[in-house]
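FYI, UniProt numbering numbers position 186 of the sequence shown as 186, with every residue one higher than the one before it. Using N, Cα and C, we set each Cβ at its ideal position, and we do this for glycine too. Accompanying notes for the structure given below.
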Amino acid sequence: MRNSRLRTAVTMTAVAAGSAGLVAGSLYVVHTEGRSGGQEARLAGDARAGRGNAAPTGQAAAKAARIAGRLGDRTTGAYVDSAGRPVVTVTNATDAAAVRAAGAVPKMTRRSPATLRRVTGALRRSVSDIPGTGWAVDPATSRVTVWTDDTVTGARMAAVQRTARQMGAAVRMVRIRGSLHTLALGGDAIFGQGARCSLGFNVKRGGQDFFVTAGHCGNEVQNWAADQEGAEALGTTVESDFPGNDFALVQTEQGGAGQSAVNLYNGQAQEITEAGEAVVGQRVFRSGSTTGVHAGSVTATGATVNFAEGTVTGMIQTTVCAEPGDSGGPLFAGGTALGLTSGGSGDCRTGGVTFFQPVTEALQVFGAEIG
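Written out as structure tokens, the structure is:
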């Protein structure tokens with residue numbers, strides 16, 4: 001697997017905690033080179049205990065997301081600043097006072113939400129058909145960050161640059177090393193139809209047991225198993241959406257549902273009690289069947305990513321690494337479910353950029369809840 005590729009990660013994860021069914025995080029444990037057992041244990045401990053600023057930023061992020069949600073289209077977004085404070089962008093003094101009263105820091109936006117929507121609309125019309133591109137609003141700077149990978153050259157790069165120039169200072173262009181690619185690659189099996197993905201979160205719908213994973217995994221696999229030979233059946237994909245979104249719903253075999261928890265790869269699991277929205281600056285963790293537990297920060301929300309397979313919108317962008325086989329795995333902060341691993345660049349030795357499907361959207365579409 002080439003290092004600097006943005007791709008979707010396939011490798012179904014569902015591990016038994018003792019013998020108590022499936023836990024989000026991994027079906028198939030693959031030891032990662034370059035990371036000691038001690039390092040992995042410390043990361044897992046941080047994920048469980050909320051160390052490394054995970055708990056404080058998680059609380060600040062939840063507050064910021066809640067306040068921004070109340071403002072609706074009167075804000076360009078929210079983030080957690082370097083001091084760990086929840087910051088919400090506003091356009092007027094009345095909203096600033098309301099944000100302050102709610103316990104967050106108001107920041108007057110330099111560009112209106114309507115202006116930034118016009119920018120992203122122009123990009124959507126002009127650039128969506130160019131694979132290897134994407135964009136997201138940066139609430140801290142009131143600008144739209146547009147990225148291109150190494151495959152965008154010549155006339156295609158000229159088209160992106162032309163659109164960006166028309167937007168002036170409202171756009172900042174960034175180059176991403178390698179190729180923007182989903183992490184679902186042939187041979188990186190989810191257990192079923194020769195593929196491997198990671199289980200995201202165990203959920204319930206109508207009193208029945210399901211789990212969610214990546215849509216690019218669900219598109220490929222109908223019947224899931226806990227082993228490569230297919231002897232231990234896990235469940236059946238009942239709904240899948242990719243591109244556009246990147247989530248799938250799998251109904252588990254009777255008696256096969258596990259606890260609502262994430263595998264931490266140290267013999268323990270992090271209980272998941274709720275779903276929430278990620279916020280820029282938030283400290284987060286990811287668990288996956290290829291690389292185990294890794295940590296990083298949210299760098300954008302509402303991101304658009306133009307994969308070769310099509311465009312996915314509304315994504316969470318992070319600095320957390322991922323590799324093929326990690327697709328569908330859980331992004332979380334403490335006991336809060338945040339996202340499902342979708343695509344990224346680089347690997348867990350050199351780092352990279354990774355995108356996640358917000359789990360709240362998947363739960364809403366499927367009519368499911370963390371359970």
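Checklist entry - Terminal residues of the continuous alpha helix (DSSP H) containing Asp95? => result Position 95 of the sequence shown, counted from the start, is the residue given in the question as residue 95. Looking at the DSSP string, the run of the alpha helix (DSSP H) that includes Asp95 is 93-101.
Item to check | Assigned exposure category for Arg110 - 16 Cβ within 10 Å defines buried | outcome: Here the question's residue 110 lines up with position 110 in the sequence shown. By the neighbour-count rule (16 or more Cβ atoms within 10 Å), Arg110 is not buried but exposed.
Item to check | Complete beta strand (DSSP E) runs within the UniProt domain "Peptidase S1" (207-363) (minimum length 3 residues, chain order) | outcome: Segments of the beta strand (DSSP E) lying fully in the UniProt domain "Peptidase S1" (207-363): 208-213, 223-225, 233-241, 247-252, 261-263, 269-271, 283-288, 292-307, 310-318, 330-333, 336-344, 354-358.
Next on the checklist: Between Thr120 and Val144, how many whole angstroms is the CB-CB distance? I'm expecting something under 8 Å.
Outcome noted: Position 120 of the sequence shown, counted from the first residue, corresponds to residue 120. Position 144 of the sequence shown, counted from the first residue, corresponds to residue 144. About 6 Å; that satisfies the 8 Å criterion.
Next on the checklist: Contact defined as beta carbons within less than 8 Å: I believe Val238 pairs with Val250. What is the distance between those atoms, to the nearest angstrom?
Outcome noted: Stepping through the sequence shown from its first residue, residue 238 is reached at position 238. Stepping through the sequence shown from its first residue, residue 250 is reached at position 250. The Cβ separation is near 7 Å, so the contact holds.
Item to check | Which listed residue (Gln228, Ala233, Leu234, Phe211) has its alpha carbon closest to that of Ser240 | outcome: Looking up residue 240 in the sequence shown gives position 240. Answer by Cα proximity: Phe211.
Item to check | DSSP state of Pro131 mapped onto helix, strand, coil | outcome: Counted from its first residue, the sequence shown places residue 131 at position 131. Here Pro131 sits in coil by DSSP.
Item to check | Where the alpha helix (DSSP H) through Arg162 begins and ends | outcome: The sequence position of residue 162 within the sequence shown is 162, counting from 1. Its alpha helix (DSSP H) spans residues 154-167.
Item to check | Within 9 Å, strictly: CB atoms of Ala248 and Ala214 | outcome: In the sequence shown, counting from the first residue as 1, residue 248 sits at position 248. In the sequence shown, counting from the first residue as 1, residue 214 sits at position 214. Cβ atoms of Ala248 and Ala214: closer than 9 Å.
Next on the checklist: Distance check for Val279 and Pro86, CA to CA, integer angstroms please.
Outcome noted: What you label residue 86 is simply residue 86 of the sequence shown in a count that begins at 1. What you label residue 279 is simply residue 279 of the sequence shown in a count that begins at 1. The straight-line gap from Cα to Cα measures roughly 9 Å.
Checklist entry - How many Å lie between Val146 and Phe356 at the Cα? => result In the sequence shown, residue 146 corresponds to position 146, counting from 1. In the sequence shown, residue 356 corresponds to position 356, counting from 1. Approximately 17 Å between the Cα atoms of the pair.
Checklist entry - In terms of residues, what are the limits of the beta strand (DSSP E) holding Pro139? => result Numbered from 1 along the sequence shown, position 139 holds the residue referred to as residue 139. From DSSP, Pro139 is part of no beta strand (DSSP E); its letter is neither H nor E.
Checklist entry - According to the neighbour-count rule (16 or more other Cβ atoms, all chains shown, within 10 Å of its Cβ), is Val353 buried or exposed? => result The residue given as residue 353 occupies position 353 in the sequence shown. With 16 or more other Cβ atoms within 10 Å, it is buried.
Checklist entry - Is Thr108 buried or exposed, if buried means 16 or more other CB atoms sit within 10 Å of its CB? => result In the sequence shown, counting from the first residue as 1, residue 108 sits at position 108. In the sequence under discussion, the amino acid at residue 108 is Met, which differs from the Thr named in the question. Exposed.
Item to check | Distance between Cys321 and Gln254 (C-alpha atoms, nearest Å) | outcome: Looking up residue 254 in the sequence shown gives position 254. Looking up residue 321 in the sequence shown gives position 321. Roughly 34 Å separates the two Cα atoms.
Item to check | Same chain, Cβ closer than 7 Å to Ile130, neighbours up to 5 away in sequence not counted | outcome: To locate residue 130, count along the sequence shown from 1; it is residue 130. Closer than 7 Å at Cβ, skipping near neighbours: Val152, Arg156, Ala159, Val160, Asn306.
Checklist entry - Exposed or buried, Asp73, counting other C-beta atoms within 10 Å across all chains shown (16 or more means buried)? => result Taking the first residue of the sequence shown as position 1, residue 73 is located at position 73. Asp73 is exposed by the Cβ-count criterion.
Checklist entry - In whole angstroms, what is the alpha-carbon distance linking Asn92 and Ala78? => result Sequence index remark: in the sequence shown, residue 92 carries index 92 (1-based). Sequence index remark: in the sequence shown, residue 78 carries index 78 (1-based). Each residue's alpha carbon lies about 15 Å from the other.
Checklist entry - Who pairs with Gly192 in a beta bridge, going by DSSP? => result Counted from its first residue, the sequence shown places residue 192 at position 192. Beta-bridge partners assigned by DSSP to Gly192: Ala195.
Item to check | CB-CB length for Thr311 against Gly329, believed under 8 Å | outcome: Here residue 311 refers to the residue found at position 311 when the sequence shown is read from its first residue. Here residue 329 refers to the residue found at position 329 when the sequence shown is read from its first residue. The pair is not a contact, with the Cβ atoms about 22 Å apart (cut-off 8 Å).
Item to check | Simplified DSSP assignment, three categories, for Thr89 | outcome: The residue labelled residue 89 in the question sits at position 89 within the sequence shown. Thr89 falls in the strand class under three-state DSSP.
Checklist entry - Who does Thr109 pair with in a DSSP beta bridge? => result If you number the sequence shown from 1, residue 109 lands on position 109. None, per the DSSP bridge assignment.
Checklist entry - From this set, Asn202, Ala269, Val298, which residue's C-alpha is nearest Thr252's C-alpha? => result By 1-based counting over the sequence shown, the position of residue 252 is 252. The option with the nearest alpha carbon to Thr252 is Asn202.
Item to check | Gly178 burial status per 10 Å Cβ neighbour count (16 or more: buried) | outcome: Here residue 178 is taken as the residue at index 178 of the sequence shown, counted from 1. Gly178 should be labelled buried.
Checklist entry - Just the Cα atoms here: how many angstroms apart are Gln228 and Ala295? => result Walking along the sequence shown from the start, residue 228 turns up at place 228. Walking along the sequence shown from the start, residue 295 turns up at place 295. Cα-Cα distance, rounded: 28 Å.
Checklist entry - Can you give the Cα-Cα distance for Cys348 and Val137, rounded to whole angstroms? => result Translated into positions along the sequence shown, residue 348 becomes position 348. Translated into positions along the sequence shown, residue 137 becomes position 137. Straight-line Cα distance between these residues: approximately 26 Å.
Item to check | Beta carbon of Val359 nearer than 9 Å to that of Gly339 | outcome: The residue given as residue 359 occupies position 359 in the sequence shown. The residue given as residue 339 occupies position 339 in the sequence shown. It is a contact, given that the beta carbons lie within the stated cut-off.
Checklist entry - Quick one: what's got a C-beta closer than 7 Å to Ala149's C-beta in the same chain, skipping five residues either side? => result The residue given as residue 149 occupies position 149 in the sequence shown. At residue 149 the sequence reads Asp, which differs from the Ala that was named. Result list for Asp149: Leu6, Gly132, Ile176, Gly178, Ser179, Leu180, in chain order.
Next on the checklist: According to DSSP, simplified to helix, strand and coil, what is Thr145?
Outcome noted: On the sequence shown, residue 145 is found 145 positions in, with the first residue counted as 1. Strand, per DSSP.
Checklist entry - Would Ser142 be called buried (16 or more neighbouring beta carbons within 10 Å of its own) or exposed? => result Along the sequence shown, one-based indexing puts residue 142 at 142. When all chains shown are included, Ser142 counts as buried.
Checklist entry - According to DSSP, is Ser82 helix, strand or coil? => result Translated into positions along the sequence shown, residue 82 becomes position 82. For Ser82, the three-state secondary structure derived from DSSP is coil.
Checklist entry - Per DSSP, what kind of secondary structure is Ile176 in: helix, strand or coil? => result For the purposes of this step, residue 176 is taken as residue 176 along the sequence shown, with counting starting at 1. If DSSP states are grouped into helix, strand and coil, Ile176 belongs with coil.
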